[in-house]
Structure formats: structure tokens, C-alpha cells
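Trainee: My questions all concern the structure below.
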Amino acid sequence: MRLRLILVLGLIAAATALLVPVALAQRPAPRGTEAILIGADGRTLGRVTMERRASGGVEVRYRVRGLPPGDYKATHVHEVGTCDRAFRTADGTPAPFTSAGGHWNPTGDSHSSHLGDFPPLQVSLGGTAETTFVTDRFQPSQLLDANGSAVVIHANRDNQGNVPGRYRSEPADQNGPDAATLATGDAGGRLACGVVRPIRR
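Taking this note's numbering, the leading residue of the sequence shown gets 1, the next gets one more, and so forth.
Printed below as a string of C-alpha cells:
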């Protein structure tokens, strides 16, 4: 009887060991991702969803409140899934959400051709913003790599690389976008940040 029990338990363990890798291998890619946006004061400001469409592309939807009223704000996907409100630079200067790194740019392109570059967000006089658009630059699963990603809303509007003549490019020293513009679009500080996660609903 004892021998039979040991054999049965051994067979169950072996079957479980075989089934777990199969289950993991068959896990489907998420149909979408979301980012819950928080402000530098810790308040929840809204949500961004990025969902695959049956007809192709990814539908991106913003629903945000509590932003400085009026004007346009730059918004992008950033390369690290960390939103640290208390982050400081090496010299101790407060820099909320700089922990999210730079723009998500796996192809190494200049702004505004980063895969994570989004259209500017128009904010109402009441501090709310709602927008929906479709992009074919990425799939939601790509944002869930080893170090994750985050959606950031910036303090300034995004010049999309369209710069005035006062800019001097480097090292050619002629009119054109400088290194900072090619990296960020002069988007300024970071007002809100949300770590990208699979949609739970």
C-alpha cells in the first residue's frame, strides 16, 4: 500500500511538472495594457489604456483630470516602469518621475519618431483631458519587457521636432534641432506618471 501511494504521488508530480511549462507557453499575449496616472502629490489623475483592435493597430485612450488648465501637454511612453515621486538627480534636485527614464525608443530614432511618441494632449480650462487615437507603432505586449515602461504627461507642449531658428544643431552649428530637442521635444518636467501593466478587467 505504501509503495502504491508513493508511485501515485510520483506520477502526479511528474504530470504537474509537464503541465506547468505547457500552460506558460500557451498563455496568450495581453489584449491590452493600462497605466494609472499619479501626480507628483500622489493623487490619482486618471487612466490610459492601450488595446489591440480586431481591425489592426492599437487604440490608445486617455481619461485624465487635475492637470494645469488649458494648453497642450506632451505625453509619451517612457522606457522604465518606475514612477518615483520622490526621485532626485545626482545633485539632490527634485525630479519627480525621472525614474521612468527617457522616451521608449527601441529603434534608436530621433523625436518625434520614437515608438513611444504620442500626439500632444489638449487640456481643458477645467484641467481635464480626454482623447482617443490609434497607433501602429507597437503592440501592448512590447511595453511589458523586463524593465517595464511608463506613460508620462509633461509640463510643456511637445514641439515634435519642429523648432524655431534660434536653435543651433550640434556639432554642425547651424539652424536645426539640438540634442535635447531630438531626445525630448522640449517637453519639460513631468506632471504625471503611470506604470504600464496588463489590463486586469
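Just so you know, even glycine gets a beta-carbon here, dropped at the ideal spot from N, CA and C.
(1) For the structure I just gave you, are there three or more beta carbon pairs, one from the segment 191-200 and one from the segment 34-51, closer than 8 Å?
(2) From L115 to G42, what distance separates their C-alpha atoms?
(3) P120 and D158: beta carbons closer than 7 Å?
(4) Please give me, in chain order, every unbroken run of the beta strand (DSSP E) with length at least 3 that falls completely inside the segment 28-110.
(5) Using CA atoms only, rank isn't needed, just tell me which of P94, A155, V64, Q142 is closest to V58.
(6) Terminal residues of the continuous beta strand (DSSP E) containing T132?
(7) On a Cα-Cα basis, can you pick out the residue from C193, L45, P30 that is closest to L67?
(8) What's the gap between the Cα of R63 and the Cα of M50?
(9) Which same chain residues end up closer than 8 Å to F133 when comparing Cβ atoms and leaving out the 5 residues on each side of it in sequence?
(10) Can you round the beta-carbon distance between R190 and V151 to whole angstroms, since I take them to be within the 8 Å contact cut?
(11) Just to confirm, are L144 and P69 a CB contact at a threshold of 7 Å?
(12) At the level of alpha carbons, what is the spacing between R47 and S149?
(13) Contact check, N156 vs V80 under 8 Å by CB: the rounded distance?
(14) If I'm right that A95 touches C83 with Cβ under 8 Å, what's the distance once you round it to whole angstroms?
(15) Can you say whether A74 is buried or exposed, counting buried as having 16 or more other CB atoms within 10 angstroms of its CB?
(16) What whole-angstrom Cβ distance do F97 and R88 have, given they're in contact under 8 Å?
(17) If I measure Cβ to Cβ from E130 and keep anything under 7 Å in the same chain, skipping five residues before and after, which residues do I get?
(18) When you compare each of V123, W104, Q122 to F138 by their alpha carbons, which one comes out closest?
(19) Distance cutoff 7 Å, beta carbons only. Does Q142 sit that close to anything in chain D?
(20) Please list, in chain order, all residues of the same chain as I38 whose beta carbon is under 8 Å from its beta carbon, the five residues on each side excluded.
(21) According to DSSP, simplified to helix, strand and coil, what is L144?
Mentor: Once the coordinates are examined:
(1) Because the criterion of three Cβ pairs below 8 Å is met, the segment 191-200 and the segment 34-51 touch.
(2) Going by C-alpha positions, L115 is about 28 Å away from G42.
(3) Taking 7 Å as the Cβ cut-off, P120 and D158 qualify as a contacting pair.
(4) List check, beta strand (DSSP E) in window: 32-39, 44-52, 58-64, 75-78.
(5) For the residues P94, A155, V64, Q142, the minimum Cα distance to V58 belongs to Q142.
(6) Segment 129-135, the beta strand (DSSP E) holding T132.
(7) Nearest C-alpha to L67: L45.
(8) Cα to Cα, R63 sits roughly 12 Å from M50.
(9) Excluding residues within five positions, the ones whose Cβ falls inside 8 Å are E59, V60, F118, P119.
(10) The beta-carbon distance between R190 and V151, rounded to whole angstroms, is 11 Å. This is too long to meet the 8 Å contact definition.
(11) No, the pair does not count as a contact, with Cβ atoms beyond the cut-off.
(12) The alpha-carbon of R47 is positioned some 15 Å away from that of S149.
(13) With 8 Å as the limit, N156 and V80 do not qualify as a contact, their Cβ atoms being about 21 Å apart.
(14) At roughly 12 Å, the Cβ-Cβ gap does not stay under 8 Å, so A95 and C83 are not in contact.
(15) Buried, because 16 or more other Cβ atoms sit within 10 Å of the Cβ of A74.
(16) A Cβ-Cβ distance of about 12 Å is found for the pair F97 and R88, leaving them out of contact under the 8 Å criterion.
(17) Once the five neighbours on either side are set aside, the close Cβ partners of E130 are Y62, R63.
(18) Comparing alpha-carbon positions, the option among V123, W104, Q122 lying closest to F138 turns out to be W104.
(19) Judged by its chain identifiers, the structure shown contains no chain D, having just a single protein chain.
(20) Once the five neighbours on either side are set aside, the close Cβ partners of I38 are T44, L45, C83, R85, A192, C193, G194.
(21) L144 carries a helical assignment under DSSP once its states are collapsed to helix, strand and coil.
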